[in-house]
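The next block holds one structure in the form of structure tokens; read it before the comments.
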Amino acid sequence: QAKDLGGGEHCSFEASLHALAEEQRQLEASLRNAIGNDELELLYQPVVDANFEKVVSFEALLRWNSKLHGVISPAKFIPMAEETRMILPIGKWVMEQACRKATQWPSHVMVNVNVAAAQLLEPDFADMVAATLDKANLAPHRLEIEVTESVFLSDAGVARAALEKVLNLGCSVALDDFGTGYSSLGYLRTLRFSTIKVDRLFVQGAAQGNRESLAIIRAVVAMSDSLGMTTTAEGVENADEAALIRSLGCTKIQGYYFGRPMQAIEASDLLRRETLRRA
Ligand code: C2E
Ligand code: MG
Ligand code: MG
Ligand code: MG
């Protein structure tokens, strides 16, 4: 992005560093106003039952449509929101929107909400969830929160206690992107995770004939079966991957093959069509 200002290598390097810092500063300032400016939007991606291909849940995925900077991917702005702790008001907004939307769906359809470590480590996280469910009038069992293994990095005890409280409310908890982080099986022993989400990396690998990926999915399915948890395969993009995942015994499937993250109105349409088909 930074232009070579003609001052030689050294100068242009400094110039680009400066430009980068400036861009970062502007993005942060804009993100601070994103909720107020109505720039945030939740998309919903279907999660389907591996056998019946029925929608069992939608995962809420955040988008930032910045008036100043255009559409910015969560891979870019979520880490920024975490560093600046803006993820706290943003995460609360996400929870409220997602729970409210789910009340418009048939009662067998759940909603999955991603939660960042900084949110989980707030002392009132479980209270915020309880109040949000209450206000939206959504039954707790219809909410599954998703956390990655990284929530156990800074203060595992606090993270564990917060998840325990959320489980006691009657909500489910999924372990997202399983196998990509700093995996430790220790917390699987004491926390009643509902679901393990197998990262797309393994799905892709297994479909391409990678024996290690295949073995890891098999192991995760066997382990979650015997611990009474379910498995969701993430990032299933085509029929071959879907067939393979199904044969490996994953409980649920999510990916572009069944549906991309879509606007709330499209999600409702999808559910309506499904109800008609089954009537
Ligand atoms: P995630 O929770 O693991 O979400 C799955 C990501 O995979 C999403 O990316 C989704 O669009 C993408 N995906 C789904 N199916 C396919 C597929 O078949 N192929 C490929 N290539 N990708 C697929 P997205 O929406 O860009 O979100 C990225 C990450 O940002 C999420 O990963 C999650 O960690 C984070 N994120 C998104 N929304 C929120 C939020 O509201 N709060 C927090 N804390 N994090 C969020
Ligand atoms: Mg997720
Ligand atoms: Mg994931
Ligand atoms: Mg992911």
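Taking UniProt numbering, the leading residue of the sequence shown gets 404, the next gets one more, and so forth. Backbone N, C-alpha and C fix where the C-beta goes; we use that ideal spot for every residue, glycine too. Predicted model only: the values in this text are computed from it and were never measured.
Out of the options, point me to the one whose CA is closest to residue i's CA.
i           : options            : result
residue 427 : 604, 416, 483, 493 : 483
residue 435 : 489, 441, 529, 470 : 489
residue 487 : 433, 417, 670      : 433
residue 681 : 569, 465, 456, 443 : 456
residue 525 : 516, 499, 485, 510 : 485
residue 445 : 467, 537, 566      : 467
residue 668 : 508, 612, 626, 552 : 508
residue 439 : 424, 470, 678, 416 : 470
Determine which residues share a DSSP beta bridge with residue i and list them.
i           : result
residue 549 : 517, 577
residue 447 : 463, 665
residue 436 : Note: residue 436 sits in no beta bridge, so no partner.
residue 655 : 452, 635
residue 494 : Its beta-bridge partners do not exist; DSSP assigns none.
residue 598 : 577, 633
residue 512 : Answer is none; residue 512 lacks a bridge partner.
residue 475 : 467
residue 458 : 451
Once the 5 residues before and after residue i are set aside, which same chain residues still bring their CB inside 8 Å of it?
i           : result
residue 660 : 639, 640, 641, 642, 644, 645
residue 512 : 458, 459, 460, 461, 505, 545, 674
residue 653 : 453, 601, 620, 624, 634, 635, 636
residue 463 : 445, 446, 447, 497, 500, 501, 504, 514, 515, 516, 517
residue 477 : 464, 465, 466, 467
So, helix, strand or coil for residue i, using DSSP?
i           : result
residue 404 : Unreliable placement is indicated for residue 404, whose pLDDT of 49 sits below 50; the coordinate value is still reported in the next sentence. It is coil, neither helix nor strand.
residue 611 : coil
residue 504 : helix
residue 671 : helix
residue 527 : coil
residue 483 : helix
residue 489 : coil
residue 570 : helix
residue 558 : helix
residue 587 : coil
residue 679 : helix
residue 441 : coil
residue 644 : helix
residue 423 : helix
residue 625 : helix
residue 542 : coil
Kindly give me the distance between the Cβ atoms of residue i and residue j, rounded to whole angstroms, as I take these residues to be in contact under 8 Å.
i           : j           : result
residue 635 : residue 601 : 7 Å
residue 563 : residue 594 : 6 Å
residue 547 : residue 577 : 5 Å
residue 420 : residue 472 : In fact, because the Cβ distance is near 19 Å, the residues do not count as touching under 8 Å.
residue 520 : residue 474 : Rounded, the Cβ-Cβ distance is 25 Å, inconsistent with contact.
Take residue i and list the residues in its own chain whose beta-carbon comes closer than 7 Å to its own, dropping the five residues that flank it on each side.
i           : result
residue 637 : 600, 601, 602, 603, 606, 657, 658
residue 573 : 543, 544
residue 663 : 448
residue 632 : 596, 597, 598, 599
residue 649 : 453
residue 529 : 565, 568, 569, 572
Is residue i near ligand 5, with its Cβ less than 6 Å from a heavy atom?
i           : result
residue 481 : Within the structure as shown, ligand 5 is missing, the only ligands being ligand 1, ligand 2, ligand 3 and ligand 4.
Cutting at 6 Å between CB atoms, please list the residues of its own chain near residue i, excluding the five before and the five after it.
i           : result
residue 454 : none
residue 550 : 518
Using 7 Å as the limit for Cβ to Cβ distance, is residue i near chain D?
i           : result
residue 520 : Absence of chain D from the displayed structure is noted, only one protein chain being present.
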